[in-house]
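Since the structure comes first, as structure tokens, the remarks are kept for the end.
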Amino acid sequence: MTKKRVAVAMSGGVDSSVAASLLLEQGYEVFGITMNVLSLLREFCADEDLKSCCGEEAIADANLVATKLGIDHYLVDLRKPFEELVVADFIREYALGRTPNPCIRCNQHIKFDVLMQRASKLNADFLATGHHARIDRDIDTDRFILKKGKDKEKDQSYFLYMMTQQQLSRSLFPIGELTKGEVRVKAEELGLPVAQKPESQEICFIPDNKYAGFLKERIPDAFQPGPIVSEEGHILGEHKGIIHFTVGQRRGMGISAPYPLYVLDINPKNNTVFVGPDESLYKRRLLASRLNWISKTDGIGSLAVRARVRYKHHEAKAKLHMLESGQAHIEFEKPQRAITPGQAVVFYDAEVVVGGGTIESTDA
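The opening position of the sequence shown corresponds to residue 1213 in this note's numbering, with each subsequent residue numbered one higher.
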């Protein structure tokens, strides 16, 4: 019987490295494939302080692991689609006063689309990644389903809600049944050079997480000074550009008040940042667009779900109501803090990802 051939998206980190080793143990024909998505200056990419999953150090580490495992390793140039589909969207969203999640966008358009296509050209049957998530199949509906990873602290299903049935059918998440600790133990047992490598905490195309420096030349209008306004409409001070703010933020406003103030809303049309007390951050309802369904099919009317409005947010009970526009109105049982336009809202049924969408707006 011919072995199934698997391309492992190797980022140079411990998770994707162990994913490759597990697949070898399971009898697959494995090769590594690493994305080159950065057009940063060489000194940024080579800087060991840039803990990116996509820089030169990551590429070198991925190659070291592939050599250790005795598998072929390919580097694919995806800089153009990454710039057009991820970076440009990130810039556009910030210019609109929103807070995007580029990792979701990268998974949707780059890893499980463009990279999967490249892997197919190398005769891969599957694309595997080091995501902490699991793929299963519902025998009643014959649909592939996406489930949380075993390690609830590292679960990455939130970032994968946009996956289609076709993408799920051709994807493997080998470490989904392991905790992060178990992954590192496995890497140590195998003698992998990245066994204790720290996790990347940065957006890969933002050197040192310095958003302002990255965006200033690209969207100068977002750096125009404007008013900081209270809930009551009083001007409290002046900001140095909406780009410096996101909903829920407390620091960096440069104004004094008898109680802590937080960013409640950002209006790019009149270049205004609205602030107020912490209790004003809590909202019960939101509007979501660009919806994708995994465990359910289209034609959903109303649905009881548990919804998560950001990656580290606790899921909360909510009712989802589909609108004729194709958007969804979500009403929480209890108000949720700092619901942020541009971020994703992901719907769960226990361990299973039902689907998700992009947060457009909120109301009280």
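For each residue, glycine too, the CB sits at the ideal point set by N, CA and C.
N-terminal and C-terminal residue of the beta strand (DSSP E) that residue i is part of
i, result
"Ser-1501", "1494 to 1505"
"Pro-1312", "Taken as a continuous stretch (DSSP letters only), Pro-1312 belongs to no beta strand (DSSP E), as it is neither H nor E."
"Val-1218", "1217 to 1221"
"Pro-1547", "1540 to 1549"
"Ser-1442", "1438 to 1442"
"Ile-1571", "1564 to 1575"
"Ile-1447", "1447 to 1451"
"Tyr-1560", "1556 to 1561"
"Val-1226", "Looking at the DSSP string, Val-1226 is not in any beta strand (DSSP E); the run it does join, the alpha helix (DSSP H), is 1226 to 1237."
"Leu-1515", "1514 to 1520"
Distance between beta carbons of residue j and residue i, contact taken as under 8 Å
i, j, result
"Val-1521", "Gln-1539", "16 Å between Cβ atoms; not a contact."
"Ala-1297", "Ile-1322", "Per the sequence presented here, residue 1297 reads as Leu, with Ala not at that position. Indeed, because the Cβ distance is near 7 Å, the residues count as touching under 8 Å."
"Val-1277", "Ile-1245", "Not really, about 13 Å apart at Cβ, beyond 8 Å."
"Arg-1396", "Val-1249", "About 26 Å; that fails the 8 Å criterion."
"Gly-1224", "Ala-1270", "3 Å"
"Gly-1466", "Leu-1493", "That belief does not hold up - the Cβ atoms of Gly-1466 and Leu-1493 are roughly 20 Å apart, past 8 Å."
"Lys-1362", "Thr-1391", "6 Å"
"Glu-1414", "Gly-1488", "That belief does not hold up - the Cβ atoms of Glu-1414 and Gly-1488 are roughly 30 Å apart, past 8 Å."
Proximity to residue i [Cα-Cα], best of the options
i, options, result
"Thr-1484", "Leu-1448, Ala-1519, Gly-1568", "Leu-1448"
"Asp-1575", "Phe-1544, Ile-1283, Val-1564", "Phe-1544"
"Ile-1542", "Gly-1568, Val-1475, Phe-1457", "Gly-1568"
"Pro-1314", "Pro-1480, Pro-1439, Cys-1416, Leu-1498", "Cys-1416"
"Thr-1552", "Leu-1308, Ala-1407, Val-1326", "Leu-1308"
"Val-1326", "Gln-1368, Ile-1357, Gln-1379", "Gln-1379"
"Lys-1215", "Lys-1546, Ala-1530, Glu-1237, Thr-1570", "Glu-1237"
"Ile-1571", "Ala-1300, Arg-1310, Ala-1232", "Arg-1310"
"Thr-1353", "Gln-1377, Phe-1338, Ser-1369", "Gln-1377"
"Ala-1340", "Ile-1357, Ala-1500, Gln-1368, Ser-1228", "Ser-1228"
"Ala-1345", "Phe-1385, Arg-1355, Cys-1318", "Phe-1385"
"Cys-1318", "Ala-1274, Met-1247, Gly-1282", "Met-1247"
"Glu-1563", "Lys-1531, Gly-1282, Ile-1455, Arg-1518", "Arg-1518"
"Phe-1294", "Ala-1274, His-1285, Gln-1320, Ile-1283", "Gln-1320"
"Tyr-1523", "Lys-1508, Lys-1546, Gln-1555", "Gln-1555"
"Gln-1329", "Phe-1435, Val-1218, Ala-1232", "Val-1218"
"Val-1475", "Ser-1468, Leu-1402, Arg-1462", "Arg-1462"
"Arg-1349", "Gly-1513, Leu-1515, Ala-1530, Ser-1507", "Ser-1507"
"Phe-1302", "Phe-1426, Ala-1274, Ala-1516", "Phe-1426"
"Ser-1468", "Glu-1401, Gly-1445, Ile-1440", "Ile-1440"
"Leu-1281", "Met-1375, Val-1242, Asp-1367", "Val-1242"
"Gly-1438", "Pro-1419, Gln-1408, Ile-1478, Glu-1411", "Ile-1478"
"Leu-1515", "Lys-1366, His-1526, Leu-1503, His-1533", "His-1533"
"Asn-1335", "Glu-1365, Ala-1300, Arg-1382", "Arg-1382"
"Phe-1371", "Pro-1432, Phe-1486, His-1525, Leu-1499", "His-1525"
"Asp-1273", "Val-1565, Asp-1561, Lys-1409, Lys-1422", "Lys-1409"
"Arg-1502", "Pro-1405, Met-1374, Val-1566", "Met-1374"
"Lys-1481", "Gly-1513, Met-1222, Ala-1434", "Ala-1434"
"Lys-1366", "Ile-1357, Ile-1387, Arg-1355, Leu-1358", "Ile-1387"
"Asp-1561", "Val-1220, Lys-1333, Ala-1221, Leu-1358", "Leu-1358"
Residue i, enclosing alpha helix (DSSP H) - first and last residue
i, result
"Met-1465", "Careful: Met-1465 lies outside any alpha helix (DSSP H) and carries neither H nor E."
"Lys-1280", "1268 to 1281"
"Leu-1250", "Careful: Leu-1250 lies outside any alpha helix (DSSP H) and carries neither H nor E."
"Tyr-1423", "1423 to 1427"
Identified DSSP bridge partners for residue i
i, result
"Thr-1484", "Asn-1479"
"Tyr-1286", "Ile-1245"
"His-1533", "Ser-1514, His-1541"
"Ala-1528", "Ala-1519"
"Asp-1348", "Ile-1357"
"Tyr-1474", "Gly-1488"
*Minimum length 3: unbroken beta strand (DSSP E) runs contained in the segment 1350 to 1417*: 1355 to 1360
*Within the segment 1292 to 1346, note down every full alpha helix (DSSP H) run reaching 4 residues or more, in order along the chain.*
1300 to 1307, 1314 to 1318, 1328 to 1333
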